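Trainee: Dropping the structure in here first, questions after.
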Amino acid sequence: MIDNKQIAKNTLLLYLRMFLLMGISLYTSRIVLETLGVEDFGVYNIVGSIIVLFSFINNALTAATRRFINFNLGKNNPQESAKAFSASLTIHFIICIILIIISESIGLWFLNTQLNIPENRMYAANWVYQFSILSACIGIIGAPYESTIVAYEKMSVYSYLSIIEGVFKLIIVYMLVICTTDKLIFYSALIFIVGILISSAKWIYCSRNFPICRYQFMVDKPMLKAIASFSGWSLFGQIAYIGSTSGLNMIINIFCGVLLNAATGIAQQVNSAIYNFVSNFQTAFNPQLIQTYSSGNLEVHRVLLSRASRISYYLLYIISLPVLINTSYILHLWLKEVPDHSVTFTQLIITFSLIEALGAPLWMSMQATGKIKTYQIIVSSINALNIPIAFVCLYQGLAVESIFYAKILIGLFMYIFRVLYILPLINFSYMDYFKKVVYPTVAITLFTICILLIVSTYLDGGEKLLITTPLSIILCAGSIYYIGINKQEKQTILQIIKKWNL
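Going left to right, the sequence shown walks through residues 106 to 607 as our numbering numbers them.
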């Protein structure tokens with residue numbers, strides 16, 4: 106049975122968190138860019154990408170931890186969940202050691218010999234790199250605790266800790282403005298300290314509230330093997346994903362320098378702020394997607410998958426549409442100095458994210474099955490094409506935007522593969538999926554964007570933003586209600602309106 110009340114409560118808490126964090130993020134990003142300058146901001150962005158590149162293993166392990174804890178909770182087996190947690194934490198400790206060894210050898214060589222960083226900022230870049238390594242290690246150790254909080258659907262705690270982290274970042278911005286030392290080094294050090302504080306809070310909360318988080322060193326070979334196998338195949342996906350983000354960032358740096366890294370960083374921050382509208386919703390849905398599968402209730406699982414896919418896309422699209430139409434004006438309103446190419450980069454990255462939002466519930470369902478070997482090999486191979494294609498595009502002298510157009514096409518191919526591969530595993534017919542997910546999302550997109558593009562040709566600047574934003578919301582809301590949701594969902598909306606006298 107779908108626990109709609111729990112999903113709604115979790116979603117509401119996550120959205121309250123998101124609105125606060127989005128406001129903090131937009132403000133702090135502007136001040137950090139202004140205070141550090143475009144060059145130092147680009148240096149911070151590219152150096153951080155190195156650590157992200159080497160910490161992809163942690164993301165695979167985190168996915169495995171969430172899957173095994175949720176799966177066993179769905180089967181009402183807390184003992185196995187406890188084994189999964191302890192095994193995961195042991196593996197995370199090992200990964201930390203490996204990360205440090207690789208980062209202080211290959212990573213350090215790559216930073217100092219291969220990246221295009223101004224000579225006078227190499228000293229600061231090395232400090233940023235060391236703090237980034239430490240921050241990554243803190244995140245790796247804290248990941249199983251965060252996974253447990255989400256698995257138990259304690260979204261209030263998850264939200265409060267995130268808000269506290271956001272407040273700390275506001276304090277960091279103030280300290281950055283008044284600091285008289287090297288601001289880039291100072292900023293990196295403070296981000297590391299905040300990471301320690303937040304991870305410590307997660308550890309204390311989980312240790313006191315969840316019996317499964319009482320770590321016991323044990324060599325449970327079946328559990329270690331299961332998690333390692335799942336993580337190993339997830340690793341293919343993480344490598345390809347990092348290649349399509351941090352890897353592209355490094356290729357841009359090698360061919361174009363840190364100024365275009367700054368443009369990429371701005372585009373990614375805007376996209377992250379917008380995508381939070383979807384990721385929070387998906388976080389609320391994820392535990393029940395896994396638990397309905399593990400309990401054998403495939404009918405409910407299919408309903409959840411269909412609903413999560415549609416609503417994920419609607420949430421992102423309704424926010425993205427006015428941003429896509431008014432990108433240039435919004436960026437100039439937000440930033441005092443807008444790096445070149447930021448507008449186009451932002452529009453293209455958001456377009457890619459719309460495809461990912463529609464496909465994300467599919468790979469969540471895939472993780473629930475645990476049968477990810479063939480899936481990861483194929484989808485990761487498709488995603489990995491981003492790197493050679495980007496290299497060839499820039500080597501041949503094509504515009505830097507070409508690599509993002511290629512990224513969008515690759516994202517579309519990955520979505521098609523997910524549909525074709527995953528639906529048979531959960532007995533979901535292609536025609537039903539097309540009627541329930543593909544048709545309404547495509548119809549709504551074509552209808553609304555055509556009208557907005559026609560209207561926007563007669564407007565400009567602030568007038569364009571003020572008119573197209575409410576118009577896009579009205580068009581999206583109306584078309585979603587009449588085309589994008591089923592009768593039961595319409596009745597639920599009407600009941601909510603009646604209850605609140607709206």
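Glycine included, every Cβ here is placed at the ideal spot set by N, Cα and C. Computed from a prediction, not measured in an experiment: that's the story for all the values here.
1. Throw me the rounded Cβ distance for the residue 277 and residue 296 pair, which I believe falls under 8 Å.
2. State the CB to CB distance for the pair residue 363 and residue 148, rounded to an integer number of angstroms; the pair is presumed to be in contact (CB under 8 Å).
3. In the structure shown, what three-state DSSP assignment does residue 133 receive?
4. Drop a sphere of 10 angstroms on the beta-carbon of residue 544, count the other beta-carbons inside from all chains shown, and report buried for 16 or more, exposed for fewer.
5. Looking at residue 268 and residue 459, is the spacing between their C-beta atoms short of 9 Å?
6. Select from 371, 524, 206 and 517 the residue whose C-alpha is nearest the C-alpha of residue 443.
7. From residue 452 to residue 264, what does the alpha carbon distance come to, in whole angstroms?
8. Under three-state DSSP, which class holds residue 598?
9. List, from N- to C-terminal side, the alpha helix (DSSP H) runs of 4 residues or more that fit wholly inside the stretch 327-379.
10. Ignoring anything shorter than 3 residues or poking outside the stretch 161-244, list the beta strand (DSSP E) runs there in chain order.
11. For residue 525, which option in 513, 224, 484 and 179 has the closest C-alpha, if you only look at C-alpha atoms?
12. Does the count of Cβ pairs from the stretch 463-478 and the stretch 409-420 closer than 8 Å reach three?
13. For residue 349 and residue 488, which I take to be in contact (beta-carbon distance under 8 Å), what is that distance rounded to the nearest angstrom?
14. Just the Cα atoms here: how many angstroms apart are residue 211 and residue 377?
15. For a quick check, are the C-beta atoms of residue 253 and residue 170 less than 9 Å apart?
16. Would you call residue 567 buried or exposed, if buried means 16 or more other Cβ atoms sit within 10 Å of its Cβ?
17. Along the alpha helix (DSSP H) that carries residue 415, what are the first and last residues, could you check?
18. Please report the straight-line C-alpha distance between residue 367 and residue 427, rounded to a whole angstrom.
19. Residue 516: buried (16+ other C-beta within 10 angstroms of its C-beta) or exposed?
20. Between residue 122 and residue 502, what straight-line distance do the alpha-carbon atoms span, to the nearest angstrom?
21. Are the stretch 180-197 and the stretch 311-319 touching by the rule of at least three beta carbon pairs closer than 8 Å?
22. Could you work out which residue in 479, 255 and 217 is closest to residue 341 when comparing CA atoms only?
23. In the DSSP assignment, find the unbroken alpha helix (DSSP H) run with residue 307 in it and report its ends.
24. Give me, in chain order, the residues of the same chain whose beta-carbon lies closer than 7 Å to that of residue 360; leave out the 5 immediate sequence neighbours on both sides.
25. Over the uninterrupted alpha helix (DSSP H) stretch that includes residue 505, give me the two end residues.
26. Scan the stretch 567-591 and note each continuous alpha helix (DSSP H) run of 4 residues or more that stays entirely inside, going in chain order.
27. Would you report the Cα separation of residue 497 and residue 450, rounded to the nearest angstrom?
28. Taking residue 172 and residue 335 to be in contact with their CB atoms under 8 Å, please state how far apart those CB atoms are, rounded to whole angstroms.
29. The alpha helix (DSSP H) spanning residue 490 covers which residue range?
30. What would DSSP say about residue 437, mapped onto helix, strand or coil?
31. Could you give the distance in angstroms between the alpha-carbon of residue 397 and the alpha-carbon of residue 471?
32. Tell me the rounded alpha-carbon separation between residue 434 and residue 355.
33. Thinking just about the alpha-carbon of each residue, which of 594, 552, 565 and 537 is nearest to the one in residue 578?
34. Could you say if the stretch 200-211 and the stretch 230-241 meet the contact criterion of at least three C-beta pairs nearer than 8 Å?
35. Assign residue 327 to buried or exposed, taking buried as 16 or more other Cβ atoms, counted over all protein chains shown, within 10 Å of its Cβ.
36. In this structure, does DSSP put residue 264 in helix, strand or coil?
Mentor: Result, derived from the coordinates:
1. At roughly 7 Å, the Cβ-Cβ gap stays under 8 Å, so residue 277 and residue 296 are in contact.
2. Correct: roughly 6 Å between the Cβ atoms.
3. helix
4. exposed
5. no
6. 371
7. 29 Å
8. The answer is helix: DSSP assigns residue 598 an H, G or I state.
9. Listed in chain order, the complete alpha helix (DSSP H) runs (minimum 4 residues) inside the stretch 327-379 are 353-361.
10. none
11. Checking every option, the nearest Cα to that of residue 525 belongs to 484.
12. yes
13. That belief holds up - the Cβ atoms of residue 349 and residue 488 are roughly 6 Å apart, short of 8 Å.
14. Rounded to the nearest angstrom, the gap between the Cα atoms of residue 211 and residue 377 is 29 Å.
15. yes
16. exposed
17. 403-430
18. 23 Å
19. buried
20. 43 Å
21. The stretch 311-319 and the stretch 180-197 touch, with three or more beta-carbon pairs separated by less than 8 Å.
22. 479
23. 288-314
24. 499
25. Residue 505 -> no alpha helix (DSSP H), and no H or E assigned at all.
26. none
27. Between residue 497 and residue 450, the C-alpha separation is close to 19 Å.
28. 7 Å
29. Note, residue 490: premise wrong, no alpha helix (DSSP H); not H, not E.
30. Three-state DSSP puts residue 437 in a helix.
31. About 13 Å.
32. Looking at the two C-alpha atoms, the distance is approximately 28 Å.
33. Taking residue 578 as reference, the option from 594, 552, 565 and 537 with the minimal CA-CA separation is 552.
34. Yes, since at least three Cβ pairs between the stretch 200-211 and the stretch 230-241 fall closer than 8 Å, the two stretches touch.
35. exposed
36. helix
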